[in-house]
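Below: the structure, in structure tokens.
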Amino acid sequence: MMHGHNIGRQVVLGALVILSAAVSATERPLNSHAAYTADWECRAFSDGDWLCRTSSESDFTVPLDAIASRRSSIPNTLSALQKRVSPLAQVAPSEKTSMSHSMFSTTPDVRRLIMMLQREEAFTILWYVGNNRAEAKRMRHAVDHIDEAMLLALDGRDGKEYVIVSGLFPDQAAARRDLNKHSVAGHLASLQPSPLRVRDLSPHTISLPD
505 MMHGHNIGRQ VVLGALVILS AAVSATERPL NSHAAYTADW ECRAFSDGDW
555 LCRTSSESDF TVPLDAIASR RSSIPNTLSA LQKRVSPLAQ VAPSEKTSMS
605 HSMFSTTPDV RRLIMMLQRE EAFTILWYVG NNRAEAKRMR HAVDHIDEAM
655 LLALDGRDGK EYVIVSGLFP DQAAARRDLN KHSVAGHLAS LQPSPLRVRD
705 LSPHTISLPD
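Each residue of the sequence shown is one higher than the one before, starting from 505 at the first, in my numbering.
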């Protein structure tokens, strides 16, 4: 009788171990997609869900919907940015010189954008605002009180989408410390370890709004 009890106990324990392994596998966040507010850390998971937590000691359990009204715009905008990057074609030295001259003879905002996005080893904070221009301007003004920020326009499927960029930061910890100064409720910021280079972006894809 005791032998049968032990077998049953082993079966139950085995099932629990398998279940636990399955849960941990599905709940492992993807390293490539992370979003932050001053209070929340959010991660994309392999099943497509975004879950959030308030500290590094807690689990990712709170759905992104619960803290941001624009849940779908976060992964979609990030994905759209990544898809628009194409391998850089070989450029002749004379063309590079011409490109460099034209870049640095433009406005201060354009020069700053070029300088910032070419620093791949640094971090920037990207604030995804959606397609509401008035809201984008309001939020840029709010962010600009703390950091010098730029408003960028992306060509989205439904028209212009707006992104606010601030930085540069030498590492992720510095970016997180700076992000904690911000209190813009309902918006997420995504830390990008390798900001997109201007030369990899089509001039028709990203621009500085008037």
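Quick reminder that beta carbons are idealized off the backbone N, C-alpha and C, glycines included.
Treat the numbers as computed from the prediction; the structure is a model and nothing was measured.
Would you kindly work out how many angstroms separate the C-alpha atoms of V566 and S560, rounded to a whole number?
14 Å
From E639 to V633, what distance separates their C-alpha atoms?
7 Å
For T628, count neighbouring C-beta atoms within 10 Å of its own C-beta (all shown protein chains included) and say buried if the count is 16 or more, exposed if not.
buried
So what does DSSP say about E652, is it helix, strand or coil?
coil
From which residue to which residue does the alpha helix (DSSP H) around A679 run?
Counting along the chain, the unbroken alpha helix (DSSP H) around A679 starts and ends at 676 to 683.
Pull up the DSSP beta-bridge partners for L555, would you.
R547, P567
With a cut-off of 8 Å on the beta carbons, I'd call L776 and E665 a contact; round off their distance for me.
Here the chain covers residues 505 to 714 and nothing more, so residue 776 does not appear.
Does S670 get closer than 7 Å to chain B when you measure Cβ to Cβ?
Note that chain B does not occur in the displayed structure, where there is just one protein chain.
Leaving out five residues on either side along the sequence, give the residues of the same chain with a beta carbon under 6 Å from the beta carbon of A653.
R644, V647, I668, S670
Inter-residue spacing [alpha-carbon to alpha-carbon] between C556 and A678
Cα to Cα, the separation comes out at about 21 Å.
What residue does the beta strand (DSSP E) around S560 start on, and which one ends it?
S560 -> no beta strand (DSSP E), and no H or E assigned at all.
Between the CA atoms of R637 and P713 - distance to the nearest angstrom:
9 Å
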